[in-house]
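Data first, discussion second: the structure below is written as structure tokens.
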Amino acid sequence: MGENEANLPNTSLQGKKMAYQKVNADQRAPGHSQYLDNDDLQATALDLEWDMEKELEEPGFDQFQLDSAENQDLGHSETTDLNLDSIQPATSPKGRFQRLQEESDYISHYTRSAPKSNRCSFCHLLKILCTATILFIFGILIGYYVHTNCPSDALSSGTVDHQLYQEILKTIQAEDIKKSFRNLVQLYKSEDDMEVSKKIKTQWTSLGLEDVQFVNYSVLLNLPGLSPSTVTLSSSGECFHPDGQPCGEEARKDSSQDLLYSYAAYSAKGTLKAEVIDVSYGMTDDLKRIRKMKNVTNRIALLKLGKLPLLYKLSLLEKAGFGGVLLYIDPCDLPKTVNPSHDTFMVSLNPGGDPSTPGYPSVDGSFRQSRSNVTSLLVQPISASLVAKLISSPKARTKNDVCSPLELPNNEIRVISMHVQTVTKLKTVTNVVGYVMGLTSPDRYIIVGSHHHTAHSYNGQEWASSTAIITAFIRALMPKVKTGWRPDRTIVFCSWGGTAFGNIGSYEWGEDFKTVLQKNVVAYVNLHSPIRGNSTLRPVASPSLQQLVVEGPSFLSEAFFSTQSTTVEEMDPFFNLHETITKLSGEVILQIANEPVLPFNALDIALEVQNNLKGDQPNTHQLLAMASRLRESAELFQSDEMRPANDPKERAPIRIRMLNDILQDMEKSFLVQQVPPGFYRNILYHLDEQTSQFSILMEALECCKPLAPDETLQEALSEVLNSINSAQVYFKEGCDVFKSILDGKN
129 MGENEANLPN TSLQGKKMAY QKVNADQRAP GHSQYLDNDD LQATALDLEW DMEKELEEPG
189 FDQFQLDSAE NQDLGHSETT DLNLDSIQPA TSPKGRFQRL QEESDYISHY TRSAPKSNRC
249 SFCHLLKILC TATILFIFGI LIGYYVHTNC PSDALSSGTV DHQLYQEILK TIQAEDIKKS
309 FRNLVQLYKS EDDMEVSKKI KTQWTSLGLE DVQFVNYSVL LNLPGLSPST VTLSSSGECF
369 HPDGQPCGEE ARKDSSQDLL YSYAAYSAKG TLKAEVIDVS YGMTDDLKRI RKMKNVTNRI
429 ALLKLGKLPL LYKLSLLEKA GFGGVLLYID PCDLPKTVNP SHDTFMVSLN PGGDPSTPGY
489 PSVDGSFRQS RSNVTSLLVQ PISASLVAKL ISSPKARTKN DVCSPLELPN NEIRVISMHV
549 QTVTKLKTVT NVVGYVMGLT SPDRYIIVGS HHHTAHSYNG QEWASSTAII TAFIRALMPK
609 VKTGWRPDRT IVFCSWGGTA FGNIGSYEWG EDFKTVLQKN VVAYVNLHSP IRGNSTLRPV
669 ASPSLQQLVV EGPSFLSEAF FSTQSTTVEE MDPFFNLHET ITKLSGEVIL QIANEPVLPF
729 NALDIALEVQ NNLKGDQPNT HQLLAMASRL RESAELFQSD EMRPANDPKE RAPIRIRMLN
789 DILQDMEKSF LVQQVPPGFY RNILYHLDEQ TSQFSILMEA LECCKPLAPD ETLQEALSEV
849 LNSINSAQVY FKEGCDVFKS ILDGKN
């Protein structure tokens with residue numbers, strides 16, 4: 129994450145470069161997962177986070193910096209182009225890049241020259257021969273002794289053994305996952321969060337996981353009030369609960385408790401009577417159009433969830449002067465098989481962590497700020513059926529099965545009174561953390577996490593599904609550990625508390641162990657809500673891991689429903705899908721934890737940067753030039769450094785350590801300190817699957833045109849330029865460090 133480009137000499141390749149080719153499903157690389165071809169594989173959400181950006185994103189994380197001299201043109205490599213224009217990051221787990229062949233006359237960049245021959249006397253040669261013979265015999269004896277005294281089933285930790293992975297993963301059974309899931313689901317009605325945490329700890333400990341412990345934080349939670357919030361029509365005096373049920377009627381038996389959970393955690397509370405203004409999705413163009421026609425000060429916005437992060441849209445509404453927000457999901461944004469008309473849901477307005485201890489952990493002695501809300505807006509989630517009543521529209525879908533979006537006509541005025549009430553309490557949030565210590569690099573961590581049920585939150589079953597999957601992988605892994613095998617790197621299994629309130633448990637843990645995590649975390653594998661449907665595989669990954677998964681986020685997942693029309697067992701009755709997802713994610717975890725060279729790709733990052741700059745974007749000529757230099761440096765790094773490291777004949781421990789340190793930190797160049805609310809700090813992450821553009825550039829172009837177009841856009845362009853420049857310097861410096869060390873040895 130340095131700022132300027134270092135004044136470094138050019139590096140060129142010697143000899144001919146390696147050939148790369150994308151491997152299709154029927155031409156698998158040795159590490160290709162057999163589970164991807166399973167017919168039961170239908171839908172999942174497997175997140176591989178390079179720097180734990182989603183779970184442990186924390187504004188105070190320091191950026192990695194490189195000291196550098198003045199910016200200087202690096203020129204061009206003297207060698208021919210790699211002709212990698214057609215290479216793109218794999219769009220499916222079935223596609224992997226691998227080095228398939230080398231030219232026969234390839235000359236390694238690091239091959240040492242042979243020493244010159246000298247004349248030796250016969251006696252000198254005889255002494256050398258005798259010494260070599262003695263050492264050879266001595267070596268055979270040592271090797272025999274070691275071989276006979278080592279346990280036969282203990283495997284070498286430094287060996288990439290895919291057969292070992294399959295031995296571990298084949299023990300994963302759907303029936304075991306089903307039993308674990310049902311045992312956990314029985315606990316969800318408990319008001320005691322500790323009961324669920326104890327159950328998870330007991331399971332993991334019984335399976336042999338090491339040093340399983342509770343990590344508790346006392347945090348400020350915003351909970352529902354004693355009675356549901358209400359919306360009252362001023363014209364008729366009719367009062368409604370958030371699901372559209374009239375206030376005067378007795379609450380439906382199966383939904384009276386759910387009504388309490390239809391709220392926005394950390395919203396302002398109180399009563400507001402005002403005109404309702406339909407702002408659609410709250411996009412910048414929507415707000416510009418509305419502000420030209422109406423005064424929006426202290427009005428109530430009718431806002432659809434989706435398209436952009438909720439926190440970002442609320443920040444725009446608050447800045448515009450709105451006083452309240454009615455939030456809903458338009459049925460047209462959901463599959464036709466889903467009918468959420470009366471469904472209520474919860475959202476959290478908390479950007480992350482305990483809002484009373486921003487930037488530092490909620491441990492004993494920490495100063496607590498007095499904060500019961502994080503916005504001045506009154507925010508209330510409501511059902512689509514209540515929206516239809518507010519706008520006097522019977523249904524969203526017509527007789528012809530063509531979906532008509534819900535919207536309030538511009539020429540009609542609706543005045544309502546919204547009443548929002550919540551209570552704020554200090555509660556204990558518990559994380560469960562256990563370890564499998566690494567053998568050769570125990571100070572490098574792969575974190576595998578999901579959340580568990582938290583009292584006073586939603587009653588969905590995703591937490592039990594994800595916890596059962598993690599438990600199944602631990603059950604398969606630990607027998608091999610007990611025989612003497614260990615992964616190279618430490619695997620940390622975490623079950624987070626307080627996720628529905630803004631990833632509170634994971635944020636507080638991240639803030640608590642910030643120094644260790646910044647230095648030692650290699651990757652984060654998120655198994656939160658792994659089963660979301662039965663149609664497609666939808667995992668998410670940072671750019672350096674795109675060869676392992678594909679990408680596809682959705683902001684509709686910001687809503688937490690108290691009940692689900694389709695349960696986990698309805699989607700996967702025999703738990704075959706759970707078994708497949710456990711094996712797929714387990715194979716990825718084992719590769720990251722155990723392969724000598726981390727399976728991350730520098731070139732994929734450079735390609736991602738170039739893809740983000742495609743299109744008719746203004747003022748990007750400097751970015752394109754810098755992106756081209758980044759690609760050149762990434763190509764050199766991938767060819768000169770990663771190729772020999774992946775060849776066991778050319779492997780050296782010091783080179784592997786140096787290379788993995790570079791691979792571990794290479795995406796940190798793209799972390800920025802300040803981003804709009806709800807945006808990722810890693811600017812390579814896309815806001816949605818339809819947009820392949822730097823999110824901060826898109827926000828600067830769309831949001832601030834009428835305010836300060838030049839200054840705001842230039843600031844965003846500078847952020848992106850500095851990130852690309854820093855990454856280019858990072859790879860260039862990596863190449864030069866290796867070259868200098870090896871030249872010194874020669």
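Residue 874 is where the sequence shown ends in this note's numbering, and the numbering goes up by one at each step. Even for Gly, the Cβ is constructed at its ideal location relative to N, Cα and C.
Would a C-beta distance cut-off of 8 Å place residue i and residue j closer than the cut-off?
i, j, result
"Asp371", "Thr472", "yes"
"Ala402", "Gly452", "yes"
"Tyr573", "Thr618", "yes"
"Leu439", "Leu505", "no"
"Leu751", "Leu645", "no"
"Leu315", "His581", "yes"
"Thr595", "Ser623", "yes"
"Val126", "Glu847", "Because the chain in this structure spans residues 129 to 874, residue 126 falls outside the shown range and cannot be described."
"Leu718", "Pro615", "yes"
"Val324", "Trp332", "no"
Give me, in chain order, the residues of the same chain whose beta-carbon lies closer than 6 Å to that of residue i; leave out the 5 immediate sequence neighbours on both sides.
i, result
"Ala592", "Phe309, Leu312, Val313"
"Ile510", "Pro370, Leu454, Tyr456"
"Val347", "Asp482, Ser490, Val557, Ile632"
"Ile519", "Leu536"
For residue i, count neighbouring Cβ atoms within 10 angstroms of its own Cβ and tell me buried if that reaches 16, exposed if not.
i, result
"Ala855", "buried"
"His547", "buried"
"Ile782", "exposed"
"Lys555", "buried"
"Gly493", "exposed"
"Ala687", "buried"
"Ser851", "buried"
"Ser357", "buried"
Within its chain, find whatever has a CB closer than 7 Å to the CB of residue i; leave out the 5 residues flanking it on each side and keep chain order.
i, result
"Ala828", "Thr840, Leu841, Ala844"
"Ile598", "Val576, Ser578, Phe621, Leu655"
"Gln301", "Glu707"
"Gly398", "Leu506, Val548"
"Trp637", "Val343, Asn559"
"Ala242", "Residue placement at Ala242 is poorly supported in this model, since its pLDDT is 37, which falls under 50; the coordinates are not used for a value here."
Once the 5 residues before and after residue i are set aside, which same chain residues still bring their CB inside 8 Å of it?
i, result
"Met826", "Leu815, Thr819"
"Val507", "Ala392, Ser395, Ala396, Leu442, Gly452, Val453, Leu455, Val475, Leu477, Val548"
"Val609", "Gly336, Val564"
"Ala448", "Leu415, Arg419, Val424"
"Ile376", "According to the sequence provided, residue 376 is Gly. The question's Ile does not apply to it. Same-chain partners within the cutoff: Cys367."
"Val755", "In the sequence under discussion, the amino acid at residue 755 is Ala, which differs from the Val named in the question. Cβ within range, chain order: Ala734, Val737, Gln738, Leu741, Ile852."
"Pro479", "Leu439, Val502, Gly630, Pro805, Gly806"
"Lys244", "Unreliable positioning characterises Lys244 in this predicted model, as indicated by a pLDDT of 40, which lies under 50. The coordinate reading is nonetheless provided below. Excluding positions up to five away in sequence, the list is empty."
If you draw a straight line from the alpha carbon of residue i to that of residue j, how long is it in whole angstroms?
i, j, result
"Thr611", "Glu715", "20 Å"
"Phe822", "Leu514", "37 Å"
"Ser578", "Ile328", "12 Å"
"Ala730", "Ser334", "40 Å"
"Gln766", "Val857", "15 Å"
"Glu830", "Ser408", "16 Å"
"Leu351", "Leu387", "12 Å"
"Pro374", "Tyr808", "40 Å"
"Leu918", "Pro537", "Because the chain in this structure spans residues 129 to 874, residue 918 falls outside the shown range and cannot be described."
"Val650", "Pro727", "11 Å"
"Pro158", "Leu292", "Because the pLDDT of Pro158 is 39, which lies under 50, any placement of that residue in the model is unreliable, and the number read from its coordinates should be weighed accordingly. Cα-Cα distance, rounded: 12 Å."
"Ala604", "Ser390", "39 Å"
"Lys432", "Gly625", "28 Å"
Per DSSP, what kind of secondary structure is residue i in: helix, strand or coil?
i, result
"Gln821", "coil"
"Ala393", "strand"
"Lys647", "helix"
"Ala402", "strand"
"Asp289", "coil"
"His706", "helix"
"Val548", "strand"
"Cys863", "helix"
"Gln856", "helix"
"Trp613", "coil"
"Pro781", "helix"
"Ser532", "coil"
Are there any heavy atoms of the ligand HEM lying less than 7 Å away from the beta-carbon of residue i, as far as the coordinates show?
i, result
"Phe473", "In the structure shown, the ligand HEM is absent, as is every other ligand, since no ligand is present at all."
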